[in-house]
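First the structure, in the form of structure tokens, and then the observations on it.
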Amino acid sequence: MISGIVHVLKVGCRWCDCPADYGPSTTIYNRFNRWSRRGFWLKLLDALVDAGVVAKSTAIDSAYIKARRAVFGGKGGARPR
Numbered sequence: 001m002i003s004g005i006v007h008v009l010k011v012g013c014r015w016c017d018c019p020a021d022y023g024p025s026t027t028i029y030n031r032f033n034r035w036s037r038r039g040f041w042l043k044l045l046d047a048l049v050d051a052g053v054v055a056k057s058t059a060i061d062s063a064y065i066k067a068r069r070a071v072f073g074g075k076g077g078a079r080p081r
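Here the UniProt record's numbering is used: the first residue of the sequence shown is 1, the next is one more, and so on.
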């Protein structure tokens, strides 16, 4: 299960595109969300810091900005300036 979650987060694919080898994509997605709500990932990071596996300054960040389709030349296309 963790391998499927790591795969999706590392590759950046949609949950439904996760290879079936990891299990049903809905199960992987639901498990990720449940563990996130329960603080599992923060506890895991704290444990890794305590064990000296990662430095305390290590940060896990996920930020994105939704781009409009026109930005990529989709509907509406690029407008000449």
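Heads up, the beta-carbon is just placed ideally off N, CA and C, and yes, glycines get one too.
Would you kindly report the start and end of the unbroken alpha helix (DSSP H) that includes R14? For the purposes of this step, residue 14 is identified with residue 14 of the sequence shown, where counting begins at 1. Taken as a continuous stretch (DSSP letters only), R14 belongs to no alpha helix (DSSP H), as it is neither H nor E.
How about I5 and R34: do their beta carbons lie closer than 9 Å? Locating residue 5 in the sequence shown gives position 5, counting from the first residue. Locating residue 34 in the sequence shown gives position 34, counting from the first residue. The answer is no: Cβ separation not under 9 Å.
Between which two residues does the alpha helix (DSSP H) containing Y43 stretch? Position 43 of the sequence shown, counting from 1, holds the residue named residue 43. For the sequence presented, residue 43 should be read as Lys rather than Tyr. F40 to D50 is the span of the alpha helix (DSSP H), which, as asked, contains K43.
Classify A55 as helix, strand or coil using the three-state DSSP reduction. Reading the sequence shown from its first residue, position 55 is the one you call residue 55. Coil at A55, not helix or strand.
Below 7 Å CB to CB, which residues in the same chain sit around Y22 once its five sequence neighbours on both sides are set aside? As a working mapping, residue 22 is identified with position 22 in the sequence shown. Same-chain partners within the cutoff: S3, G4, H7 and I28.
Less than 8 Å between the CB atoms is what I'm expecting for V49 and K43, so what's the real figure, rounded? To locate residue 49, count along the sequence shown from 1; it is residue 49. To locate residue 43, count along the sequence shown from 1; it is residue 43. About 11 Å; that fails the 8 Å criterion.
Would you mind reading off the limits of the alpha helix (DSSP H) that contains Y22? Position 22 of the sequence shown, counted from the start, is the residue given in the question as residue 22. Run containing Y22: none; DSSP gives neither H nor E here.
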